[in-house]
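Student: Per numbering that gives the first Met the number 0: the sequence shown = residues 0 to 315. Even for Gly, the Cβ is constructed at its ideal location relative to N, Cα and C. One structure coming up, written as structure tokens, with questions to follow.
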Amino acid sequence: MRILILGGSGAIGSAIARYASSIGVEVDVVARSGSALSRLEMHSEIARHTLSLSDTAALRSLLVRRQPRLVVMAAFPAPATHRGPSGRSDSLQTMGQNLLGVFDALEQAGFSGRLTWFGSSMMYGRAPIPRRVTNHLQPETFRGAIKAAESILAQQRADELGIAYTELRLFTGYGPYEQRDRLVPALLRAALGGTQVPVGEAQAVRDWLYFDDIARAVLLLGESVHVPVPAFNLCAGRLNTVGEVAQTLEAITGLQLTSPQPYERGDAYGQVGAGIPPSASDGFDWSPSICLEEGLLRCWAWAQTPAGRNFLLQTP
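Here it is as structure tokens:
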């Protein structure tokens, strides 16, 4: 099987690429011009392509040449790009241009495989708990509202074009090469550098999912002939607080990684309830295989490698 990952330089896209390549899948990744590819620098077997997703002609040409059976849309701007009037306008415009560019390219290339599109738990916002894909979406942030709008638009275009389409609404993914400013990388960096992260009595909760489980879900969908449900949550269905994650890593490393100052980062995702994972009765027989402790053990093992240390300690 060959897969094409759009947004392959990001934390999620690159994690899927590395995992897929490790089990023998042929992988192509697309990244926009100027994107850092440090997450893939140890993987020369992964084909990289630089282009804008709004460049329909270039993407159509790539699809025709490479003939992927599965296309994964994992591209999305960072949270900082949604701030201020101009940032919100740019984010909305980028979402529309990318979505239309991708679907126009798929149509023109005669794509007959499966399209997997990454959504986000931030779309739920004030929706009822636990999070079900059938919940009415009530996003609390502009970024969440964009993902909710993107979800509706992408499903409509896929239905219109007759493309096999599934949206995966990701909760809190973590693992090697995660964004450096997030909690787990900050704790790993503290362990390597002998510093501490302000966590205090933080009780912000997350539904945590290790990157390999995310990749496994994507590849399982790629092998599926018929998936009757258009969207699934990618989650563990269990909640852990920021403090519990920090305590688990402290037990793993044997180091004091936290300080009593309040946790500085706000709960941008608005996750106050666990998600409902898919079930076999939904046509998607997937469940997480890596518990939080095992995932954090793997993160710490990676952090001690030269590649992990270099990524975590380099200046952004």
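For residue 278, count the other beta carbons within 10 Å of its own beta carbon; 16 or more makes it buried, fewer makes it exposed. Which is it?
Tutor: Classification for residue 278: exposed.
Student: State yes or no: is the C-beta of residue 2 within less than 8 Å of the C-beta of residue 24?
Tutor: Their beta carbons are under 8 Å apart, which means residue 2 touches residue 24 by this criterion.
Student: Using a threshold of 8 Å, state whether the C-beta atoms of residue 183 and residue 114 are closer than that.
Tutor: Not closer than 8 Å, so no.
Student: What does the alpha-carbon distance come out to for the pair residue 7 and residue 280?
Tutor: Rounded to the nearest angstrom, the two C-alpha atoms are 31 Å apart.
Student: Rounded to whole angstroms, what's the CA-CA distance from residue 59 to residue 94? Just pull it up for me.
Tutor: Computed Cα separation, rounded: 18 Å.
Student: Excluding the 5 residues preceding and the 5 following residue 73 in the sequence, name in chain order all residues of the same chain whose CB lies nearer than 8 Å to its CB.
Tutor: Answer for residue 73: 4, 5, 6, 7, 9, 11, 12, 15 and 117, listed in chain order.
Student: Got a sec, what are the start and stop residues for the alpha helix (DSSP H) residue 301 sits in?
Tutor: From DSSP, the alpha helix (DSSP H) with residue 301 extends over 291–302.
Student: Taking only runs of the beta strand (DSSP E) that begin and end inside the segment 99–173, which ones reach a length of at least 3 residues, in chain order?
Tutor: Whole beta strand (DSSP E) segments, 3+ residues: 113–119, 163–169 and 171–173.
Student: To the nearest angstrom, how far is it from the Cα of residue 296 to the Cα of residue 174?
Tutor: Taking the straight line joining both Cα atoms gives about 10 Å.
Student: So, are the CB atoms of residue 216 and residue 233 less than 8 Å apart?
Tutor: Yes, Cβ-Cβ distance for residue 216 and residue 233 is below 8 Å.
Student: From residue 221 to residue 128, what does the alpha carbon distance come to, in whole angstroms?
Tutor: Taking the straight line from one Cα to the other gives about 30 Å.
Student: Determine whether the beta carbon atoms of residue 179 and residue 120 lie at a separation below 8 Å.
Tutor: Not in contact: residue 179 and residue 120 (Cβ atoms no closer than 8 Å).
Student: Might you give, ordered along the chain, the residues of its own chain that have their beta carbon closer than 8 Å to the beta carbon of residue 42, omitting 5 neighbours on each side?
Tutor: If we look at residue 42 and ignore the five residues flanking it on each side, its Cβ neighbours are 16, 17 and 20.
Student: From residue 258 to residue 189, what does the alpha carbon distance come to, in whole angstroms?
Tutor: Approximately 11 Å, taken between the alpha carbons.
Student: On the DSSP bridge list, what partners appear for residue 176?
Tutor: BP columns for residue 176 are empty, so no partner.
Student: Taking the runs of the alpha helix (DSSP H) that are 4 residues or longer, which of them lie wholly in the segment 28–97?
Tutor: 55–65, all fully within the segment 28–97.
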